[in-house]
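Q:
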Amino acid sequence: MHFYQLYGLIFQSTFCIPDLPDLSPTGQHPDVTIQWVTDGCIHDFIPQAVAQQPIALQVDPTDALVYVRDIGVFIVQGGCKIVLVSAQNAEQEPICQALLGVVLAVLLYQRGLYILHASAVTIHNIAIAFLGDSGAGKSSALAASVSQGFIGITDDLTAIHINTDNASLYSGVPRMKLSAAAAAQLQLAPSTPTAEESAFAFSTASPSEAYDLQNLYILEYGSDWSIEPVPQQQAIIELLRFSGLKSVLSVRDRHHFKQAAQLAKRVNLYRLQRPRDLNQLSQSSELLKDHIRSTHSEKYSLEYEVVK
């Protein structure tokens, strides 16, 4: 058995997940079990016509099915169990990629967390997250922030606990994908001029500690640097727009809308506009540190220096 800790949960898996650091067995009952079945048949779960699609999902709060072509069927039960019935000759690397992406998002949704397609970092126990359309630079913002003294929490998949008076995050998968140009600018290895995108590991915050989520930043490109607040009513719309499960949850899902409204009351949402210039990538971290200091100066004492 293999044990891992992420998103505040203990996972027990029958197979190794290379992207995750191993956790020594503690005797604690796992929150989630993962089982890989190699002798099952995917057509027991999906019809032949669906099997021709690249991906298919059927999701509800208690039972879900995620099918990924050439990988298999993931059965997600009650936010506490994942069973993979693999396709013939399915390989471990793409299995783990799917597991740590959409499948994990579905499981966390079943546990009542609000899922955002976002990257997050922390500094002095304050967590912030970056939202944006595909290509907006969420992973680059994460990498630049880490290089300037922030601590990584998660890339791409952010799961938020909406509490009575705040919102909080736990560390997720310690891996990010960056373009070769962004990696070279931040002097990260491996990076090759011909590669469009590569995966990079990063050190995460303590996996057992919850971090208070304060600010969310929608990343946009513009001619100059600016940070502008988003009104609360518009913030609800944006939080729904960047939901990590928007493709499978009905826009009429009242619970989902209620969560977005609650989150909009507990965090501050801003638009962060910056030039499309990789040479200025590290400046975003300096701007963020100044902004965090100015918006939370009464509650937090943030003393730091920008890492050169």
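Following the working numbering, the numbering of the sequence shown begins with 86 at its first residue and continues without gaps. Beta carbons are placed, not taken as given, at the ideal position from N, Cα and C, and that holds for glycine.
Going by beta carbon distance, what residues of the same chain come within less than 7 angstroms of residue 252, once the five residues before and after it are set aside?
A: Once the five neighbours on either side are set aside, the close Cβ partners of residue 252 are 245, 246, 298, 348, 351 and 352.
Q: Counting along the chain, where does the beta strand (DSSP E) carrying residue 262 start and finish?
A: Note, residue 262: beta strand (DSSP E), 260 to 264.
Q: Classify residue 374 as buried or exposed, calling it buried when 16 or more other Cβ atoms lie within 10 Å of its own Cβ.
A: By the neighbour-count rule (16 or more Cβ atoms within 10 Å), residue 374 is buried.
Q: Taking only three categories from DSSP, how would you classify residue 176?
A: The answer is coil: DSSP assigns residue 176 none of H, G, I, E or B.
Q: Within the chosen definition, does the stretch 284 to 296 reach the stretch 231 to 243 through at least 3 CB pairs nearer than 8 angstroms?
A: Contact between the stretch 284 to 296 and the stretch 231 to 243 is present, because at least three Cβ pairs lie under 8 angstroms.
Q: Does DSSP classify residue 282 as helix, strand or coil?
A: Strand.
Q: For residue 292, which of 95, 219 and 159 has the nearest alpha-carbon?
A: The option with the nearest alpha carbon to residue 292 is 95.
Q: Under 8 angstroms by Cβ, that's how I've got residue 130 and residue 187 pegged, so tell me the actual separation to the nearest angstrom.
A: The Cβ separation is near 16 angstroms, so there is no contact.
Q: Can you tell me which of the three DSSP states residue 183 falls into?
A: Residue 183 falls in the helix class under three-state DSSP.
Q: Which of the three DSSP states, helix, strand or coil, is assigned to residue 92?
A: Correct three-state label for residue 92: coil.
Q: Note down the Cα distance separating residue 256 from residue 132, rounded to an integer number of angstroms.
A: Taking the straight line joining both Cα atoms gives about 37 angstroms.
Q: Please classify residue 181: is it buried, with 16 or more other beta-carbons within 10 angstroms of its beta-carbon, or exposed?
A: When all chains shown are included, residue 181 counts as buried.
Q: Rounded to whole angstroms, how far is the Cβ of residue 206 from the Cβ of residue 184, which I believe are closer than 8 angstroms?
A: Residue 206 to residue 184, Cβ: 24 angstroms. No contact.
Q: Going by the CB atoms, is the gap between residue 172 and residue 156 shorter than 8 angstroms?
A: It is a contact, given that the beta carbons lie within the stated cut-off.
Q: Helix, strand or coil: which one does DSSP assign to residue 248?
A: In this structure, residue 248 counts as coil in the three-state DSSP scheme.
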